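Residue numbers (the working numbering), protein chains in the order written: chain E, 694 to 996; chain U, -12 to 494.
Right, here's the structure in full:
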């Protein structure tokens, strides 16, 4: 496993470097003078000049790039233009909330999607299997913020079961469900198809012939193999999930990276946008690395 | 443990009881559209949110009366105009700064006001320096007494400065120890007002608690929680669920929100300014006939119907009805497509292609779409340049800017509202780059005279000069709408942005 592991680590490092370069290019893409845009229309020429110098915007491009990458390596994400606070502190303040939301959404999707997928695969053509096919297709296509608003209307405004903007576990349930709902059906459908294929394999039929209980075959042997494509899709899906979290955080008035980026874009606060997006990219890349390593462990042939 | 039906019912009843208990809030929760940004410092505050907090924690000599721009004494025992350029004040004797920063004296008043005219380390005057442009100095005559001496009479001080955040009294010692800044945690805001700044958890909540040392009537609520809720629909739902008790709402949702039990929803005409501005320094808009043609081609009623769905009234000039200097006879020009085509012909501008810069918000986008369609009928092709707030608000420095849909928040004083259109503001807030020395002079006179009748006449004259320039198509003064629980009596100023948080009371 040593060589594949090294390969994946190297690939991860390359992806992170590429993402950093793209984010650096973002400051070059700001139309006009970035210092003027950042400081706003009331900035004096002296303030613009001081800011340009402090940010190193008067340096040659390679020097700026080197400085940018150097700061990143030391964990310095820059300074918030509006409040003057370090972006790293701002990101670290809200990161746990976003991680919790993402983890809860993935946990919910897996906790509901896997049993449904197993049931549908072991009872093909049954009522649940058919219902799953219809519901999952219709829910997958709906954006998570629309799901969020519908859930709010039904469970908070209509039934008063859950808070609209509350914190704690009850306040986490609806946002997590909004993100997870599409994935529950997706995971279930994917697992069903994969499981049906595995259950038709020779070694499974042999186990059947030996009288191993069906439940044990599915949970102990088949699920491990069938989970491989689901995991691969889940790895890529984490990016979509983090993207959806931005709007869900706004709809449920939750703190998080999403609201941080939302406010920063409105305030032309590019250091915060840059820092937050970089952290999201790192999270996404590391999640994919973890999925890759897990796949390697589940199926050593996947080198 | 054996779970039986009766046990489960018991748990259910307990949960229901908890739910009911939650219906009686321990603190007054208010939705705010965004989180605190920038400093909580009166001289550099960013917007009305920070100003509202500052006025509750470190108020000034006078304050707004509930729901109005009229004033009442706050930290001042007495305050009066001694002469056109001298305001004498006496502080209440028993006032102390919170967190042990000592008694509040006339020296603190002097420090708080004069720092508006003191350049920072970068040589730059504070953001709100213009509010105190008339200030010469503050003369301290005793621990609690002093005089605010002015370079010229400044009636605006009584409506938009002294009772607002530029009149807030801060503690010099606290400021030197890093208070009023938001780049350090915990954030400290030290004042002598009815509330103390308890905490700020970024993106979660701002908490104010009643100041136990406040010597006058205690605020009605021991604790205020300001919760950022960026989505208006979410705020409306949270209000219906009694998770918050006050929120700004979309005027178009007024009827629906008002139907919720125990909820009241109100809509009031505002005093803000929304208009289509034309850059008179950019070709072909430097030709007044082209500007007049654009004005004639636009049906303002249709534009505001498209943008604001019939919830707002039409504006014909900058100053809103009810304010000093309102121009009741301002021309309400009906659409005249024939005149527009004729004027374009005279200007040899047969087929034009122009760019309209606007905010990425539904109302402005819809209004812009109507303008685009109307100008197309006059053979003017309009490209829409839709920008997010950050990029939009820096557009004024672009000399090539052509048309812009703009909105400025209004205050009680006409001189404050019109100051953005002077030549000094070109490149900053005067995006029309319109330069009229006579207008500047009228405005300066109107800002320096105590006679309201004369001020009104001068302000109307200034607006008529704006009208003659044809660089502005006034659209609306907007409305503001908010909703609250029926046991609450909010204290919102007529512009809808300024609130007296300490005066929110039980109905």
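Note that CB positions come from ideal geometry on N, CA and C, so glycine has one too. Everything numeric in this text was worked out from a predicted model, so none of it was measured.
Could you check what DSSP says for residue 849 of chain E in three-state terms: helix, strand or coil? Reduced to three states, the DSSP call for residue 849 of chain E is helix.
Which of the residues in the region 862 to 889 of chain E, read from start to end, lie with their CB under 9 Å from any CB of chain U? Within the region 862 to 889 of chain E, not one residue has a Cβ closer than 9 Å to any Cβ of chain U.
Could you work out which residue in U:409, U:430, U:429, U:404 is closest to residue 420 of chain U when comparing CA atoms only? When C-alpha distances from residue 420 of chain U are compared across U:409, U:430, U:429, U:404, the shortest belongs to U:409.
Looking at the strands, I want to know which residues DSSP matches up with residue 143 of chain U. Answer is none; residue 143 of chain U lacks a bridge partner.
Among all the DSSP beta bridges, which residues are the ones paired with residue 184 of chain U? DSSP, once it has assigned bridges, lists U:195 as partnering residue 184 of chain U.
Taking Cβ to Cβ, would you say residue 159 of chain U is nearer than 8 Å to residue 85 of chain U? No; because the gap between Cβ atoms is not below 8 Å, this pair is not in contact.
What does residue 417 of chain U reach in chain B if we use C-beta pairs closer than 8 Å? Within the model displayed, chain B is absent; protein chains E and U are what it includes.
May I ask you to list, following chain order, the residues of the region 956 to 970 of chain E that have a beta carbon less than 7 Å from some beta carbon of chain U? Under the 7 Å Cβ criterion, the region 956 to 970 of chain E contributes 956, 958, 959, 960, 961.
What would DSSP say about residue 10 of chain U, mapped onto helix, strand or coil? Any reading at residue 10 of chain U must be qualified, since the residue scores a pLDDT of 48, below 50, and its modelled position is unreliable; the value itself is stated next. Per DSSP, reduced to three states, the secondary structure at residue 10 of chain U is helical.
Taking the CB atoms as reference points, tell me whether residue 470 of chain U and residue 148 of chain U lie closer together than 8 Å. Cβ atoms of residue 470 of chain U and residue 148 of chain U: not closer than 8 Å.
Give the C-beta separation of residue 225 of chain U and residue 857 of chain E to the nearest angstrom, bearing in mind that I take them to be a contact with Cβ-Cβ under 8 Å. Right, the Cβ-Cβ distance comes to about 4 Å (below 8 Å), so this counts as a contact.
Among U:301, U:239, U:365, which one has its Cα closest to the Cα of residue 323 of chain U? The residue with the shortest Cα to Cα distance from residue 323 of chain U is U:365.
Residue-level contact to chain E via CB, residue 475 of chain U, 8 Å cutoff: With 8 Å as the cut-off, residue 475 of chain U does not count as an interface residue toward chain E.
Tell me, please, whether the CB atom of residue 761 of chain E is closer than 8 Å to any CB atom in chain U? It does not; no Cβ of chain U falls within 8 Å.
Got a sec: is the Cβ-Cβ distance from residue 717 of chain E to anything in chain U below 8 Å? Not closer than 8 Å to any Cβ of chain U, the Cβ of residue 717 of chain E fails to qualify, so no.
Looking at C-alpha atoms only, which residue of U:142, U:33, U:58, U:483 is the closest neighbour of residue 438 of chain U? Distance check between residue 438 of chain U and each of U:142, U:33, U:58, U:483 places U:142 closest, using alpha-carbon atoms only.
Take residue 775 of chain E as the anchor and find which of E:961, E:750, E:910 has the nearest alpha-carbon. Measuring from the Cα of residue 775 of chain E, the nearest candidate turns out to be E:961.
Grouping DSSP H, G and I as helix and E and B as strand, with all else coil, what is residue 133 of chain U? Collapsing the DSSP output to three states places residue 133 of chain U in a strand.
Considering only residues of the same chain and omitting the five flanking positions on each side of residue 946 of chain E, which have a CB-CB separation below 6 Å? Excluding positions up to five away in sequence, the list reads 858.
Sub-8 Å separation of residue 30 of chain U and residue 103 of chain U beta-carbons: It is a contact, given that the beta carbons lie within the stated cut-off.
Quick one, which of U:175, U:393, U:468 has its alpha-carbon nearest residue 416 of chain U's? Of U:175, U:393, U:468, the residue nearest in Cα terms is U:393.
Could you tell me the boundaries of the beta strand (DSSP E) in which residue 298 of chain U lies? Where residue 298 of chain U is concerned, there is no enclosing beta strand (DSSP E), because DSSP gives it neither an H nor an E.
Hey, does residue 472 of chain U have any beta-carbon neighbour from chain E nearer than 8 Å? Answer no: the Cβ-Cβ gap between residue 472 of chain U and chain E never drops below 8 Å.
Helix, strand or coil, according to DSSP, for residue 884 of chain E in the structure here? Residue 884 of chain E: helix per DSSP, three-state reduction.
Using a C-beta cutoff of 8 Å, does residue 216 of chain U count as contacting chain E? Yes, because at least one Cβ of chain E sits closer than 8 Å to the Cβ of residue 216 of chain U.
Shorter than 7 Å, the distance from the beta carbon of residue 425 of chain U to the closest heavy atom of the ligand ATP, or not? As for the ligand ATP, it is missing from this structure, which has no ligand bound.
Whose C-alpha, out of U:119, U:368, U:135, U:118, is nearest the C-alpha of residue 126 of chain U? The shortest C-alpha separation from residue 126 of chain U is found at U:135.
For the region 71 to 87 of chain U, list every residue whose C-beta sits within 8 Å of some C-beta in chain E, in sequence order. Of all residues in the region 71 to 87 of chain U, none has a Cβ within less than 8 Å of some Cβ in chain E.
Ignore the nearest five residues each way along the sequence and tell me which others in residue 171 of chain U's own chain have a CB closer than 7 Å to its CB. Non-local beta-carbon contacts of residue 171 of chain U in its own chain, meaning distances under 7 Å to residues more than five positions away in sequence, involve 165 in chain order.
Taking any Cβ of chain U, which residues in the region 937 to 955 of chain E have a Cβ under 8 Å from it, in chain order? Under the 8 Å Cβ criterion, the region 937 to 955 of chain E contributes 943, 944, 945, 946, 948, 949, 952, 953, 955.
Can you pull the chain U neighbours of residue 858 of chain E, defined as C-beta to C-beta under 8 Å? Below the 8 Å Cβ cutoff, chain U contributes 214, 216, 221, 225, 230, 231 as neighbours of residue 858 of chain E, in chain order.
Assign residue 902 of chain E to buried or exposed, taking buried as 16 or more other Cβ atoms, counted over all protein chains shown, within 10 Å of its Cβ. By the neighbour-count rule (16 or more Cβ atoms within 10 Å), residue 902 of chain E is not buried but exposed.
Looking at chain E, is there any beta carbon in it that lies within less than 8 Å of the beta carbon of residue 181 of chain U? So no, residue 181 of chain U is outside the interface.
Count the C-beta pairs between the region 785 to 793 of chain E and the region 950 to 968 of chain E that are closer than 8 Å, then say yes if the count reaches three, no if not. Yes, the region 785 to 793 of chain E touches the region 950 to 968 of chain E.
Quick check on the DSSP output: the beta strand (DSSP E) that includes residue 63 of chain U runs from which residue to which? Residue range 63 to 70 is occupied by the beta strand (DSSP E) that includes residue 63 of chain U.
Quick one, which residues of the region 20 to 51 of chain U are near chain E if we go by CB-CB under 9 Å, in chain order? So the list reads 21, 22, 23, 24, 25, 26, 33, given in the order they occur along the chain.
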